[in-house]
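Asker:
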Amino acid sequence: MPLYQHLVRDLRQSFPQPVSDRVHDAYFVFSFLRALDQLDAMKSAMPMLGKPEVLDYAAARACRMADDPQSVEQVTGKLVEHLSGMFIWGHPRSQVNVVPSPTIPSIIGGLLPSIYNPNLVSDESSRKIAVAEIEASSIAAALVGFDPEKSAGVFTFGGTGTTLYGVKIGLEKACPGTMQTGLGTPAYVVCSERAHYAGRTVAGWLGLGFERLVEVPADENNEIRTCLLETMCRDLLKQGKRIAAIIATMGTTDAFGVDDLAAVVEIRDKLVDEFSLDYVPHVHADAVIGWAWSVFNDYDFAANLLGFRKRTLRALAGVHRRMQYLGQADSLGIDFHKTGFAPYVSSLFLARDAADLQKVARAPESMPYLFQSGEYHPGQFTLETTRSGGGPMAALANLLMFGKNGLRALLGHLVSMAEDFREQLEGHAATHVLNGGNFGPVTLFRVYPDGVDTFSFPQREQTDPALRARLREYNDYNRHIFALIQNEALQGRGVVISLTDCYRETSYGEQIVALKSYIMSPFSEEHDVENVLESIWKARARIAAEGAP
Ligand SMILES: *Cc1c(COP(=O)(O)O)cnc(C)c1O
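Numbering-wise (the numbering used here), the sequence shown opens with residue 315 and increments by one.
(1) With a cut-off of 8 Å, do at least 3 Cβ pairs link the region 687-698 to the region 432-447?
(2) Return the Cβ separation of F735 and V846 in integer angstroms, given the expectation that the two are a contact with Cβ distance under 8 Å.
(3) Do the region 575-589 and the region 522-537 touch if we need at least three Cβ pairs shorter than 8 Å?
(4) Provide the residue(s) that pair with L739 in DSSP beta bridges, ordered along the chain.
(5) Taking 6 Å as the cut-off, is the beta-carbon of T876 closer than that to any non-hydrogen atom of ligand 1?
(6) Please find out if some non-hydrogen atom of ligand 1 comes closer than 6 Å to the beta-carbon of V602.
(7) Cβ-heavy atom distance between A456 and ligand 1 below 6 Å?
(8) Report yes if the C-beta of T474 is less than 6 Å from at least one heavy atom of ligand 1; otherwise report no.
(9) Considering only residues of the same chain and omitting the five flanking positions on each side of D568, which have a CB-CB separation below 6 Å?
(10) Reducing DSSP to helix, strand and coil, say where R623 ends up.
(11) With contact counted as at least three CB pairs below 8 Å, one residue from each stretch, are the region 634-654 and the region 739-748 in contact?
(12) Whole angstroms is fine: what's the gap from V761's alpha carbon to D790's?
(13) With R854 and P763 assumed to form a contact (beta carbons below 8 Å), what rounded beta-carbon distance in angstroms separates them?
(14) Can you pull the DSSP bridge partners for D649?
(15) Is the separation between the beta-carbon of G523 and that of L497 shorter than 7 Å?
(16) Please classify K830: is it buried, with 16 or more other beta-carbons within 10 angstroms of its beta-carbon, or exposed?
(17) Going by Cα to Cα distance, which pick from I443, A466 and E438 is closest to S451?
(18) What's the C-alpha gap between L798 and A558?
(19) Do the region 455-472 and the region 634-653 touch if we need at least three Cβ pairs shorter than 8 Å?
(20) Where do the ends of the alpha helix (DSSP H) carrying T495 lie?
(21) Can you pull the DSSP bridge partners for M362?
(22) Taking just the CA atoms, how far does L620 sit from E486?
(23) Confirm the yes/no value for this check: CB of H510, any heavy atom of ligand 1, distance under 6 Å.
(24) Would you please state the rounded distance, in angstroms, between the beta carbons of L664 and A454? I believe it to be under 8 Å.
(25) At a cut of 8 Å, does the region 660-678 reach the region 706-721 through at least three beta carbon pairs?
(26) Give the C-beta separation of S345 and V386 to the nearest angstrom, bearing in mind that I take them to be a contact with Cβ-Cβ under 8 Å.
(27) Under the criterion of a Cβ to heavy atom distance below 6 Å, does D573 qualify as lining ligand 1?
(28) Applying the criterion that 16 or more other CB atoms from any shown protein chain within 10 Å of the CB defines a buried residue, is T563 buried or exposed?
(29) Take the Cβ of F329 as the centre, count every other Cβ of all protein chains shown within 10 Å, and call the residue buried at 16 or more, exposed below.
(30) Considering only heavy atoms of ligand 1, does any lie closer than 6 Å to the CB of D649?
(31) Going by the DSSP bridge assignment, what does H596 pair with across the sheet?
(32) Under the rule that 16 or more other beta-carbon atoms within 10 Å means buried, what is A629, buried or exposed?
(33) What's the C-alpha gap between G491 and L478?
(34) Beta-carbon of T696 versus every beta-carbon of chain D: anything under 7 Å?
(35) Taking all protein chains shown into account, do 16 or more other C-beta atoms lie within 10 angstroms of the C-beta of V343, making it buried, or fewer, making it exposed?
(36) Would you call the CB atoms of G571 and N752 closer than 7 Å?
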């Protein structure tokens, strides 16, 4: 037998068998099980797999392809090593960011398509996985208040992708024919200064340019100032400029601010009349984080059958107050891989009117090798060609598993832990909650040394330029606190939180550093909240003892 045939024969063992072979199936499953075992052995009390690792990029750049194949076992062993030092987001002592721990069904939902490779470009190549995409889209559409009969959804490459679809469709409405002839007239994207930078990315990539992103100031609750939105849109229209899209942020990344979408839509409609516009500026809701709160749209807050306590109920109702109008957006983005507890990447773009997607479609003649049969060809309008079935299958898994009450309970639990944390921070003289007006699972706060009057100082340092030096000093103080807490957490004793360099700017243009606790673990309990507080007091004492600020 020539050598190559030996190699092919051996390599066949590394593929799932095309025809049922129970012995080989067992080998496949066992190979995966071994990897899971190795990962399990890397778990400890620390919210991390293995140990903290120094990342050696020089060695990584020196990597080359070997001459000969390696076995499945050798390779998986090496892959597992790459997870050493990785945070366990689902650990109750991990409160870092809006990164969830995926559920078991959603992991399986992501895994199954990776064995059989359905391609969502068309139902020719994805069959019932295409149906899964429609199912997940319809469930989500009904949740947020779209008519599932009229709306359409497509899974894409992240929250940024959802914003890209929204703005691209809006651009085609404001400047029809752009898809065909290119951008003739400049067009603008309007959003809040607290909006995610995805809007900027999209403005750049669509050829509008960063400079055509108009950022409207936000208020103290991190919501777009709607009166200024109106003024700034009116100014653009007065100058004869076109608005490709207004982005309403429904849950900001850092603070969980929620824009007043109903007011945004009302202002848009008023301006269409006032200027007799020949198009309707597209309103896209960046709801990648906030969408999940839609499960409370038909929750009876008065009866409160799930038994949330008062403070939690108030927090949930505070978000519901805004989120109930999500259905008024022309399109929106959902990240199941954030507040939907699915693995990366599972992002859904939903258009209220399915016909909007045709605005960005290519003619079938331009894709002669595709779409020869079947009836569902999202590839005609998607930016991507190949799309994985992992996103929709993972999303569907969780939508099925949770049901409304499951997701309500989970969000309610996270919010209740966050409220617990806030209550404690508010009760202490040395700490101040910065986003007290936002009711999500994230708390931004500052810690001060002894002797600072936290009843008035936190407000004053945000507005009084005479306090610039002290603001900077306390920025450093909070960075120092963060470093100590982080260090302790990595020893397996505390809780991993995070730090944001710029919660926002003071009225005199300085960045305000904040500590951030983002509670996403379903395993969080009161004592984990206590742990964060203990770490804070320990860090404060340590700094005081060192005689630092
Ligand atoms: C995370 C986030 C995005 C970007 O989403 P990805 O899924 O990370 O691409 C956009 N908008 C908001 C508000 C976000 O929090």
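C-beta: ideal position from N, C-alpha, C; glycine also.
Answerer: According to the data block:
(1) yes
(2) Residue 735 sits at position 421 when you count from the first residue of the sequence shown. Residue 846 sits at position 532 when you count from the first residue of the sequence shown. Contact flag correct, Cβ pair sits at about 7 Å.
(3) Output reads no: the region 522-537 does not touch the region 575-589.
(4) The sequence position of residue 739 within the sequence shown is 425, counting from 1. Partner(s): none; L739 has no beta bridge.
(5) Nothing can be reported for residue 876: it is not among the residues displayed for the chain, which extend from 315 to 863.
(6) As a first step, residue 602 must be located in the sequence shown, where it is residue number 288. Yes.
(7) For the purposes of this step, residue 456 is taken as residue 142 along the sequence shown, with counting starting at 1. No, the Cβ of A456 stays beyond 6 Å of every heavy atom of ligand 1.
(8) Within the sequence shown, residue 474 is the residue found at index 160, counting from 1. Yes, the beta carbon of T474 sits closer than 6 Å to at least one heavy atom of ligand 1.
(9) The count along the sequence shown starts at 1 and reaches residue 568 at position 254. Result list for D568: T814, in chain order.
(10) Counting from 1 along the sequence shown, the entry for residue 623 is found at position 309. It is coil, neither helix nor strand.
(11) Three or more Cβ pairs closer than 8 Å define a contact, and the region 634-654 falls short of that threshold against the region 739-748.
(12) The residue you call residue 761 lines up with position 447 of the sequence shown. The residue you call residue 790 lines up with position 476 of the sequence shown. Their Cα atoms are separated by approximately 11 Å.
(13) Taking the first residue of the sequence shown as position 1, residue 854 is located at position 540. Taking the first residue of the sequence shown as position 1, residue 763 is located at position 449. Indeed they touch by this definition, with Cβ atoms about 7 Å apart.
(14) On the sequence shown, residue 649 is found 335 positions in, with the first residue counted as 1. D649 has S661 as its beta-bridge partners, per DSSP.
(15) To locate residue 523, count along the sequence shown from 1; it is residue 209. To locate residue 497, count along the sequence shown from 1; it is residue 183. Cβ distance not < 7 Å, so G523 and L497 don't count as in contact.
(16) As a first step, residue 830 must be located in the sequence shown, where it is residue number 516. It counts as buried.
(17) The sequence position of residue 451 within the sequence shown is 137, counting from 1. For the residues I443, A466 and E438, the minimum Cα distance to S451 belongs to A466.
(18) Reading the sequence shown from its first residue, position 484 is the one you call residue 798. Reading the sequence shown from its first residue, position 244 is the one you call residue 558. Going from the Cα of L798 to the Cα of A558 covers about 46 Å.
(19) yes
(20) The residue given as residue 495 occupies position 181 in the sequence shown. Element bounds for T495: T492 to T495.
(21) Translated into the one-based positions of the sequence shown, residue 362 becomes position 48. Paired residues: F401.
(22) The count along the sequence shown starts at 1 and reaches residue 486 at position 172. The count along the sequence shown starts at 1 and reaches residue 620 at position 306. Approximately 45 Å, taken between the alpha carbons.
(23) Here residue 510 is taken as the residue at index 196 of the sequence shown, counted from 1. For ligand 1, at least one heavy atom lies less than 6 Å from the Cβ of H510.
(24) The residue labelled residue 664 in the question sits at position 350 within the sequence shown. The residue labelled residue 454 in the question sits at position 140 within the sequence shown. Right, their Cβ atoms sit about 6 Å apart.
(25) yes
(26) For the purposes of this step, residue 345 is identified with residue 31 of the sequence shown, where counting begins at 1. For the purposes of this step, residue 386 is identified with residue 72 of the sequence shown, where counting begins at 1. Indeed, because the Cβ distance is near 5 Å, the residues count as touching under 8 Å.
(27) Along the sequence shown, one-based indexing puts residue 573 at 259. No, since every heavy atom of ligand 1 falls outside the 6 Å radius drawn around the Cβ of D573.
(28) Position 249 of the sequence shown, counting from 1, holds the residue named residue 563. Buried.
(29) In the sequence shown, the residue the question calls residue 329 occupies position 15. Under this definition F329 is an exposed residue.
(30) Within the sequence shown, residue 649 is the residue found at index 335, counting from 1. Because some heavy atom of ligand 1 lies under 6 Å away, the Cβ of D649 counts as near it: yes.
(31) As a position in the sequence shown, residue 596 is number 282, starting the count at 1. DSSP, once it has assigned bridges, lists A559 as partnering H596.
(32) For the purposes of this step, residue 629 is taken as residue 315 along the sequence shown, with counting starting at 1. Counting Cβ neighbours within 10 Å, A629 comes out buried, since at least 16 surround it.
(33) Locating residue 491 in the sequence shown gives position 177, where the first residue counts as 1. Locating residue 478 in the sequence shown gives position 164, where the first residue counts as 1. Going by the C-alpha atoms only, they are around 17 Å apart.
(34) No chain D appears in the structure shown, which is made up of a single protein chain.
(35) Mapped onto the sequence shown, residue 343 falls at position 29. Exposed, by the Cβ-count rule.
(36) Within the sequence shown, the letter at position 257 stands for residue 571. Within the sequence shown, the letter at position 438 stands for residue 752. A contact, by the Cβ cut-off of 7 Å.
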